[in-house]
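To start, the structure itself, in structure tokens.
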Amino acid sequence: EVQVLEAGGGLVQPGGSLRLSCAASGFTFNNYAMSWVRQAPGKGLEWVTAFSVKDGTTYFADSVKGRFTISTDSSKNMVYLQMNRLRAEDTAVYYCAKDFTIFGVAFFDHWGQGTLVTVSS
Amino acid sequence: EIVMTQSPDTLSVSPGESGTLSCRASQSVKRNLAWYQQKPGQAPRLLIYGASTRATGVSARFSGSGSGTEFTLTISSLQSEDLAVYYCQQYNDWPPLTFGGGTKVEIK
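Line by line, the protein sequences give chains F and C.
Going by the numbering used here, the first sequence opens with residue 1037, and the numbers climb by one from there.
Going by the numbering used here, the second sequence opens with residue 26, and the numbers climb by one from there.
Listed below in structure tokens is the structure:
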């Protein structure tokens, strides 16, 4: 059974940093891209970043480019989201999501339960 | 960036009736479109990909159609468990992957 489980959310001050982690299991980790998608309170879904296992390329939404990084540890089937220079508008539930397509970045067939990040003083 | 626009914002449907949700892309995404269902307090769930292919385990009451810039998700014989927000997402031209703003389905 595929499982995706996020951790690391919490309260952080504006300008601060936070690292989210995502534990993945039940599938061949090195075959699938992983993304982070966020949802501000009462709002819609926003794709944040993706890690392409095909060539190790990372992709980012303009809203987080230069502040967020995504990385993986294939020995542990883990995905990480390092968030720096956090802003109030980064407040959201952050979902880790597995891509459906082998070696591609497209859409998501498995999602974690989400972890809440609150940026506030 | 491809902008996805969903309508209506809220759809109110009586149990047993059908409801149609729309999703429009600002430029052609061919058939590279997915639909998700998000129930209150839950993570999104993949319903449809490739504009019309149901994901594993999805009820046949959900059907998708369209191509290019116009897409629809139809929910037939609506049930109370279908109460949710539904999102479309394009994956034809990225980054960024983009979602529509969502349609909330209410049960009359």
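C-beta: ideal position from N, C-alpha, C; glycine also.
> What do you get for F/R1055, buried or exposed, if any count of 16 or more other CB atoms within 10 angstroms of its CB means buried?
Replying inline: exposed
>> Can you tell me whether C/S105 is helix, strand or coil according to DSSP?
In response: helix
> Name the chain C residues that come within less than 7 Å of F/D1145, Cβ to Cβ?
Replying inline: L71, A80
> What residues match up with C/E95 in a beta bridge as DSSP calls it?
Replying inline: C/R49, C/S92
> The beta strand (DSSP E) spanning F/L1081 covers which residue range?
Replying inline: 1081-1087
> Measuring CB to CB, does C/K10 end up less than 9 Å from C/L71?
Replying inline: What is shown of chain C runs 26 to 133, which leaves residue 10 of chain C out entirely.
>> In the DSSP output, what is F/S1110 paired with across the bridge?
In response: Bridge partners of F/S1110: none, in fact.
>> Can you tell me whether F/S1156 is buried or exposed? The criterion is at least 16 other CB atoms within 10 Å of its CB, across all chains shown.
In response: exposed
> At a Cβ threshold of 9 Å, is F/G1080 touching chain C?
Replying inline: yes
> Is the Cβ of C/P33 closer than 9 Å to any Cβ of chain F?
Replying inline: no
>> For the pair the segment 1143-1153 of chain F and the segment 1115-1129 of chain F, tell me if three or more CB-CB distances fall below 8 Å.
In response: yes
>> Tell me the residue span of the beta strand (DSSP E) that contains C/I132.
In response: 128-132
> Counting Cβ pairs, one atom from each stretch, are 3 or more of them under 8 Å apart for the segment 92-100 of chain C and the segment 40-48 of chain C?
Replying inline: yes
> Hey, does C/F124 have any beta-carbon neighbour from chain F nearer than 9 Å?
Replying inline: yes
> With 16 as the cutoff for other CB atoms within 10 Å, does C/A85 come out buried or exposed?
Replying inline: Per the 10 Å Cβ criterion, exposed.
> Where do the ends of the beta strand (DSSP E) carrying F/L1137 lie?
Replying inline: The displayed chain sequence assigns Thr, not Leu, to residue 1137 of chain F. Residues 1128-1138.
> Can you tell me where the beta strand (DSSP E) with C/V54 in it begins and where it stops?
Replying inline: Counting along the chain, C/V54 falls outside any beta strand (DSSP E), and DSSP gives it neither H nor E.
> Residues of chain F with a CB under 7 Å from the CB of C/Y74: which are they?
Replying inline: F1136, F1143
>> On the CB-based measure, 16 or more other CB atoms within 10 Å of its CB, does C/N57 come out buried or exposed?
In response: So C/N57 counts as buried.
>> Using a Cβ-Cβ cutoff of less than 8 Å, which residues in the same chain neighbour C/T123 once the five nearest sequence positions on both sides are dropped?
In response: E26, I27, V28, M29, Q114, Q115
> Quick one, are the C-beta atoms of F/D1145 and F/V1038 less than 9 Å apart?
Replying inline: yes
>> Let me make sure I understand the geometry here. Which of C/Y74, C/G126, C/Q63, C/F87 has the alpha-carbon closest to that of F/G1035?
In response: Nothing about residue 1035 of chain F can be read from this structure; chain F reaches only from 1037 to 1157.
> So what does DSSP say about F/A1076, is it helix, strand or coil?
Replying inline: coil
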